[in-house]
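Q: Structure incoming, see below.
There are 4 protein chains.
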Amino acid sequence: MSRSGSSTVRVRYAETDQMGIAWHGEYLAWFEVGRTDLLRGCGCTYRELEAQGLRLPVIEVQARFLRPALYDDVLEILTRLGSLGGARVSFEYAVHRPGTEGPLATGSTSHAAVDLEGRPRRIPDELRRRLA
Amino acid sequence: MSRSGSSTVRVRYAETDQMGIAWHGEYLAWFEVGRTDLLRGCGCTYRELEAQGLRLPVIEVQARFLRPALYDDVLEILTRLGSLGGARVSFEYAVHRPGTEGPLATGSTSHAAVDLEGRPRRIPDELRRRLA
Amino acid sequence: MSRSGSSTVRVRYAETDQMGIAWHGEYLAWFEVGRTDLLRGCGCTYRELEAQGLRLPVIEVQARFLRPALYDDVLEILTRLGSLGGARVSFEYAVHRPGTEGPLATGSTSHAAVDLEGRPRRIPDELRRRLA
Amino acid sequence: MSRSGSSTVRVRYAETDQMGIAWHGEYLAWFEVGRTDLLRGCGCTYRELEAQGLRLPVIEVQARFLRPALYDDVLEILTRLGSLGGARVSFEYAVHRPGTEGPLATGSTSHAAVDLEGRPRRIPDELRRRLA
């Protein structure tokens, strides 16, 4: 599996906490930006997938925070496909700050494919083809 | 109009910013807690109103920030009905910290009554009776 | 006063609420992006201002929400200086979605200039010159 | 290690996303509420620890989302000490909704003990005694 993408975010003031760094929970929103962009790069937006009745709720998340991100930092989020099963998909992330060696954070999310009522459904073949 | 209610929140670490105070945007979430509780106190939850096809999106907000709120502070949100029109309703808020004289913040929100497709609709009579 | 700037944000999934639109409080974070970029365009970053001991906490905010913003929408935030006093400054905002006539939202924020201990201080002349 | 605590949160409208459920990242803020309360129950607040120059930034987080939480749900967060090392501490969480069998989510966070400059420091003996 080699699908990957790159996204850029700039740390917002609202995203900092009183430790003077980006609050760790914000990375989950950035990961979301990363997989939104990865899907877009595959030619299918998550917005369209939802309009077609597919949802990919997060069922598991893991993240390691190695170096703090600061207000106004420009960050690069590298996203790649982890695994792709019948009704599951996972993504892996690395958050980098240009000029800083090594990632600020790494993480992964696993997703269940469900319909609008939350019932498991198979990931559509077209999405599978585009991701693989 | 005299409907009013009181809610309590404790400032979360995630809600602080690098100024060392609660980020000003969090007050909008607290105002939301305030009006959710006011409606509950009137015997009708916003959750039920949505289930019945009514939504009350915010169309205007105003807030003044007079004194900072700090991490772990316990805050009291006083909410009262402002005005109640055919398809409009507004609420007023004051955020207090027990032991501190004067509010930390005051504000107001105005809401349009719409259906699930976003079309204007009249505020149901029962809600009107309960609020007034 | 004619200082103005333009910023771009894309609505994140995390920023939506169950009404299916961007939660109204997120606009305050976007306004913050707008004034951060406006200051950068003036040649002085807010990050540097804080490092020099100046803070500009929000003391008042006002916003009107005219049309909903949706997940994955690309938004343009137009920011311009409102007023500039001795220890006060205000900014005005309009959030546009290319292709949609009229702003999705408009707003303003007022800020007090304070030092790191929260005491009022005069806006430095250099910042004043750059903003005016 | 048997230190544990219980916290209550009610899901805010701002915390929902357009899937109609609480956004998964909010659980990290609730976990934070859980450990803030656990520390308080041990007789030492995190606020005081920071005032004494100790910080406990999150260096790793893991969470599993088993059942969705909905707007206005009252949730119980059960927090317990995981491990306690020289300069590391971890907590484990389970989020329950009274009336629903099994947790909505489980998770854990690991923390490094650092001083105000971000340098590793030993967890103070008093905190260690209270936690153990």
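Residue numbers (the working numbering), protein chains in the order written: chain Z, 22 to 153; chain A, 22 to 153; chain B, 22 to 153; chain D, 22 to 153.
Ideal Cβ positions, reconstructed from N, Cα and C, are used throughout, including at glycine.
Let me know the secondary structure DSSP gives residue 26/A once reduced to three states.
A: Walking along the second sequence from the start, residue 26/A turns up at place 5. Strand.
Q: When we look at the beta-carbon of residue 136/D and count the other beta-carbons within 10 Å, is it buried (16 or more) or exposed?
A: Indexing the fourth sequence from 1 puts residue 136/D at position 115. Label assigned to residue 136/D: exposed.
Q: Listing by chain order, which chain D residues have their CB less than 9 angstroms from the CB of residue 57/A?
A: One-based indexing of the second sequence puts residue 57/A at position 36. Within chain D, the residues near residue 57/A are 31, 33, 34, 92, 93.
Q: If the cut is a Cβ gap below 9 angstroms, which residues of chain A does residue 66/D touch?
A: Residue 66/D sits at position 45 when you count from the first residue of the fourth sequence. Under the 9 angstroms cutoff, chain A gives 93.
Q: Roughly how many angstroms lie between the CA atoms of residue 82/Z and residue 46/D, to the nearest whole one?
A: The count along the first sequence starts at 1 and reaches residue 82/Z at position 61. The count along the fourth sequence starts at 1 and reaches residue 46/D at position 25. Near 9 angstroms, if we compare the C-alpha coordinates of residue 46/D and residue 82/Z.
Q: Can a CB atom of chain D be found closer than 8 angstroms to the CB of residue 73/Z?
A: As a working note, residue 73/Z is residue 52 in the first sequence. Taking Cβ atoms only, chain D never reaches closer than 8 angstroms to residue 73/Z, which makes this a no.
Q: At 8 angstroms on the CB atoms, spell out the chain Z contacts of residue 53/B, in chain order.
A: Sequence index remark: in the third sequence, residue 53/B carries index 32 (1-based). Under the 8 angstroms cutoff, chain Z gives 33, 34, 35.
Q: Mind listing the chain B neighbours of residue 50/Z? Cutoff is C-beta to C-beta under 7 angstroms, in chain order.
A: Looking up residue 50/Z in the first sequence gives position 29. Ordered by position in chain B, the residues that pass the 7 angstroms Cβ test against residue 50/Z are 33, 35.
Q: List, in order along the chain, the chain A residues whose C-beta lies closer than 7 angstroms to that of residue 45/B?
A: In the third sequence, the residue the question calls residue 45/B occupies position 24. In chain order: 49, 79, 82.
Q: Among the candidates 49/D, 142/D, 43/D, whose CA atom is the shortest distance from the CA of residue 107/D?
A: Position 86 of the fourth sequence holds residue 107/D. When each option's Cα is compared against that of residue 107/D, the closest is 142/D.
Q: Output needed for residue 88/B: all residues of its chain with C-beta closer than 6 angstroms, excluding positions within five of it in sequence on either side, in chain order.
A: Reading the third sequence from its first residue, position 67 is the one you call residue 88/B. Cβ neighbours of residue 88/B beyond the five flanking positions: 125.
Q: Between residue 24/B and chain A, is any beta-carbon pair separated by less than 8 angstroms?
A: On the third sequence, position 3 is the one that residue 24/B refers to. So, not an interface residue.
Q: Within 10 angstroms of its Cβ, does residue 146/Z collect 16 or more other Cβ (buried), or is it exposed?
A: Working through the first sequence from its first residue, we reach residue 146/Z at position 125. It is exposed - the Cβ of residue 146/Z has fewer than 16 other Cβ atoms within 10 Å.
Q: Label residue 100/Z either buried or exposed according to how many other C-beta atoms from any shown protein chain fall within 10 Å of its C-beta, with 16 as the threshold for buried.
A: Translated into positions along the first sequence, residue 100/Z becomes position 79. Per the 10 Å Cβ criterion, buried.
Q: Around the Cβ of residue 72/A, are there at least 16 other Cβ atoms within 10 angstroms (buried) or fewer (exposed)?
A: The residue given as residue 72/A occupies position 51 in the second sequence. So residue 72/A ends up on the exposed side.
Q: Let me make sure I understand the geometry here. Which of 94/A, 36/A, 91/A, 98/A has the alpha-carbon closest to that of residue 55/A?
A: Here residue 55/A refers to the residue found at position 34 when the second sequence is read from its first residue. Selected option, being the one with the closest Cα: 98/A.
Q: With DSSP as the reference, label residue 130/D as helix, strand or coil.
A: Against the fourth sequence, residue 130/D aligns to sequence position 109. Three-state result, residue 130/D: strand.
Q: Less than 8 angstroms between the C-beta atoms of residue 57/A and residue 85/A, yes or no?
A: To locate residue 57/A, count along the second sequence from 1; it is residue 36. To locate residue 85/A, count along the second sequence from 1; it is residue 64. No. Outside cutoff.
Q: Excluding sequence positions up to five away, which residues of its chain have a Cβ less than 6 angstroms from the Cβ of residue 104/Z?
A: Residue mapping note: residue 104/Z aligns to position 83 of the first sequence, counting from 1. Taken in chain order, the residues that qualify are 111.
Q: Using the DSSP secondary-structure output, state which residues sit across from residue 83/D in a beta bridge.
A: If you number the fourth sequence from 1, residue 83/D lands on position 62. Partner(s): 83/Z, 129/D.
Q: Closest Cβ-Cβ distance between residue 41/A and chain Z: below 8 angstroms?
A: Sequence index remark: in the second sequence, residue 41/A carries index 20 (1-based). For residue 41/A, the answer is yes, since a Cβ of chain Z falls inside 8 angstroms of its Cβ.
Q: Just tell me which of 38/Z, 48/Z, 149/Z, 148/Z has its CA closest to the CA of residue 29/Z.
A: Locating residue 29/Z in the first sequence gives position 8, counting from the first residue. Closest option to residue 29/Z, Cα to Cα, is 48/Z.
Q: Round the Cβ separation of residue 134/B and residue 75/B to the nearest angstrom and send it over; I've been treating them as touching at under 8 angstroms.
A: Residue numbering aside, residue 134/B sits at position 113 when the third sequence is read from its first letter. Residue numbering aside, residue 75/B sits at position 54 when the third sequence is read from its first letter. Yes, they are in contact, since the Cβ atoms of residue 134/B and residue 75/B sit about 6 angstroms apart, within 8 angstroms.
Q: State the CB to CB distance for the pair residue 31/Z and residue 93/B, rounded to an integer number of angstroms; the pair is presumed to be in contact (CB under 8 angstroms).
A: In the first sequence, counting from the first residue as 1, residue 31/Z sits at position 10. In the third sequence, counting from the first residue as 1, residue 93/B sits at position 72. In fact, because the Cβ distance is near 18 angstroms, the residues do not count as touching under 8 angstroms.
Q: How would you label residue 37/A, buried or exposed, when you count the other beta carbons within 10 angstroms and need 16 or more for buried?
A: Along the second sequence, read from residue 1 onward, the residue named residue 37/A stands at position 16. So residue 37/A ends up on the buried side.
Q: Strictly under 8 angstroms for the Cβ-Cβ distance: is residue 136/D near chain B by that measure?
A: Against the fourth sequence, residue 136/D aligns to sequence position 115. It does not; no Cβ of chain B falls within 8 angstroms.
Q: Name the chain Z residues whose beta carbon is nearer than 9 angstroms to that of residue 146/A?
A: Start at 1 with the first residue of the second sequence, and residue 146/A comes out as number 125. Neighbours of residue 146/A on chain Z: none; closest Cβ ~32 angstroms, over 9 angstroms.
Q: So residue 59/A and residue 24/A are supposed to be a Cβ contact under 8 angstroms. How far apart are they, rounded?
A: Taking the first residue of the second sequence as position 1, residue 59/A is located at position 38. Taking the first residue of the second sequence as position 1, residue 24/A is located at position 3. Their Cβ separation, rounded to whole angstroms, is 7 angstroms, which keeps residue 59/A and residue 24/A in contact under 8 angstroms.
Q: Just the C-alpha distance for residue 123/Z and residue 44/A, rounded to the nearest angstrom, thanks.
A: As a first step, residue 123/Z must be located in the first sequence, where it is residue number 102. As a first step, residue 44/A must be located in the second sequence, where it is residue number 23. If I take the Cα positions, the gap works out to 30 angstroms.
Q: Once the 5 residues before and after residue 26/D are set aside, which same chain residues still bring their CB inside 6 angstroms of it?
A: Taking the fourth sequence and counting its residues from 1, one reaches residue 26/D at position 5. The answer, listed in chain order, is 58, 59, 62, 100.
Q: Could you confirm whether any beta carbon from chain Z is found closer than 8 angstroms to the beta carbon of residue 85/D?
A: Taking the fourth sequence and counting its residues from 1, one reaches residue 85/D at position 64. Chain Z, which has a Cβ nearer than 8 angstroms to the Cβ of residue 85/D, makes this yes.
Q: For residue 22/Z, count neighbouring C-beta atoms within 10 Å of its own C-beta (all shown protein chains included) and say buried if the count is 16 or more, exposed if not.
A: If you number the first sequence from 1, residue 22/Z lands on position 1. Below a pLDDT of 50, predicted positions are generally treated as unreliable, and residue 22/Z, at 44, falls in that range; no measurement from the model is reported.
Q: Would you say residue 38/D lies against chain A (beta-carbon separation less than 8 angstroms)?
A: Counted from its first residue, the fourth sequence places residue 38/D at position 17. So no, residue 38/D is outside the interface.
Q: Could you list which residues in chain D have their beta carbon closer than 8 angstroms to that of residue 76/Z, in chain order?
A: Working through the first sequence from its first residue, we reach residue 76/Z at position 55. Residues of chain D passing the Cβ test: 40.
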